[in-house]
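These notes are about the structure you will find just below.
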Amino acid sequence: MTGPHPNDYSLHTGKDDSSIEEAILYIMRDALQWWVNWVGSPDDHKWKVMYVAFAAICDDIMIPPKRPHLLQGLRAEKVAAEDIEFMDQCLLRQYVFQYFEKADARLRQLLLSDTALMTQFRATTANTHGCAVAVMASAGVESMGVVDVAVEMASVCNALSMDIAKESLGVLKGEETESVAGDDRGRLQRELRWVYVRCIEMLDALPGGHHLRRFATSGFHFVLLMDRYRERLKGLRFPMSTLLLRRLEDYKRW
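The opening residue of the sequence shown carries number 1 in our numbering; numbering runs sequentially from there.
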């Protein structure tokens with residue numbers, strides 16, 4: 001595919017957004033809520049939260065692959081240079097996968113009913129690897145990048161815990177983007193849960209795995225608590241409080 005796609009910058013939120021600006025405002029809210037579930041206070045982690053927002057926005061908007069200007073902000077928060085490079089590469093990979101998933105519906109057809117492929121695809125399109133490293137950086141812990149088994153296990157668990165919780169609520173049920181979409185829904189459900197349990201066991205056995213335990217299991221609570229998923233069920237946006245809107249203003253000042 002060469003040149004712009006006719007659907008570039010189209011909205012894919014499944015809600016009643018009226019503009020790209022509105023979708024961006026809500027994704028910033030989601031990033032804050034994710035961070036609170038994963039880490040706690042967002043204070044002193046502005047650029048890590050911004051990283052999470054950049055990792056999420058390509059799920060809601062069909063954005064051509066590009067590198068957002070985040071590196072300087074992450075350096076200012078003393079994130080290790082190797083971790084920044086890894087997070088940058090994860091983000092670019094995510095944008096490529098998210099873009100082609102929206103541009104060509106045939107991509108997902110290759111994944112249906114294949115648990116191994118779907119698991120890797122979900123972790124990649126959610127960029128849970130880069131977000132896991134951001135969580136570690138918030139605790140002053142450096143990752144080992146592509147050879148960090150704890151990051152890999154936690155990333156898979158984060159994506160699968162989210163999918164299992166979404167499935168229990170009925171989010172995406174019957175849609176092609178559901179992780180258990182395929183010929184044998186029951187088998188896929190069992191296989192995804194088996195993968196989740198094995199990955200959690202491995203994470204718990206790893207030195208330093210405790211730094212990512214909360215991140216790895218967080219889908220079981222953030223799906224139930226966050227506005228994003230209840231909005232997806234209703235197909236519309238919920239109004240934000242004045243206090244929350246004021247907090248989001250801080251992220252408009254780069």
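Backbone N, C-alpha and C define an ideal beta-carbon position, used for all residues, glycine too.
Using a 10 Å radius around the Cβ and a threshold of 16 neighbouring Cβ atoms, would you call residue i buried or exposed?
i, result
"THR119", "buried"
"LEU117", "exposed"
"LEU225", "exposed"
"ASP104", "exposed"
"ARG122", "buried"
"ARG29", "buried"
"PHE215", "buried"
"LYS234", "exposed"
"LEU74", "buried"
Shortest alpha-carbon distance to residue i belongs to which of the options?
i, options, result
"CYS69", "ARG198, HIS211, LEU107 and ALA55", "According to the sequence provided, residue 69 is His. The question's Cys does not apply to it. The residue with the shortest Cα to Cα distance from HIS69 is ALA55."
"ASP250", "ASP43, HIS5, SER10 and ILE20", "ASP43"
"LYS252", "LEU25, SER19 and SER18", "LEU25"
"GLY130", "GLN98, LEU91 and ARG185", "LEU91"
"LEU212", "PRO64, TYR196, LYS102 and TRP38", "TRP38"
"ARG193", "PHE215, THR115, ARG214 and LEU236", "THR115"
"PRO65", "GLN98, LEU11, SER18 and ALA31", "GLN98"
"LEU248", "ALA23, VAL223, ASN127 and LEU32", "LEU32"
"LYS102", "THR217, LEU11 and LEU245", "LEU11"
"THR217", "THR128, ARG190, LEU245 and SER18", "THR128"
Return the CA-CA distance between residue i and residue j, expressed in angstroms with no decimal places.
i, j, result
"ILE27", "ILE61", "10 Å"
"GLY209", "ILE164", "22 Å"
"ASP16", "MET136", "35 Å"
"GLU167", "GLU85", "34 Å"
"ASP8", "PHE100", "11 Å"
"ASP59", "THR125", "8 Å"
"TRP47", "LEU243", "21 Å"
"GLN94", "TYR51", "12 Å"
"MET1", "LEU188", "Confidence is the limiting factor: at MET1 the pLDDT is only 48, short of 50, which leaves the residue's position unreliable and the question unanswerable from this model."
"GLY285", "CYS199", "Residue 285 lies beyond the residue range present for the chain, which begins at 1 and ends at 254; the question has no answer from this structure."
"HIS5", "LEU236", "27 Å"
"LEU34", "ARG230", "One detail in the question is off: residue 34 reads as Trp in this sequence, not Leu. Roughly 14 Å between the two C-alpha positions."
"PHE238", "ASP227", "7 Å"
"VAL197", "SER41", "28 Å"
"ALA154", "PRO207", "13 Å"
"MET240", "THR13", "17 Å"
"SER19", "ARG67", "22 Å"
"ALA23", "LYS173", "23 Å"
"ALA53", "ILE63", "13 Å"
"ILE57", "VAL195", "27 Å"
"GLU21", "ARG246", "16 Å"
"VAL49", "HIS221", "19 Å"
"GLU191", "ASP184", "11 Å"
Under 8 Å, do residue i and residue j count as touching if we go by C-beta distance?
i, j, result
"VAL141", "ARG232", "no"
"ASP83", "VAL36", "no"
"GLY219", "MET162", "yes"
"GLY182", "LEU107", "no"
"SER138", "HIS45", "yes"
"LEU169", "VAL96", "no"
"ASP88", "LEU71", "yes"
Taking 7 Å as the line, does the beta carbon of residue i fall inside it for any heavy atom of the ligand PLP?
i, result
"SER41", "Of ligands this structure carries none, so the ligand PLP is not represented either."
*Does the region 153 to 166 come within contact of the region 75 to 85, defined as at least 3 CB pairs closer than 8 Å?*
no
*Any contact of the region 188 to 208 with the region 140 to 153, i.e. 3+ C-beta pairs under 8 Å?*
yes
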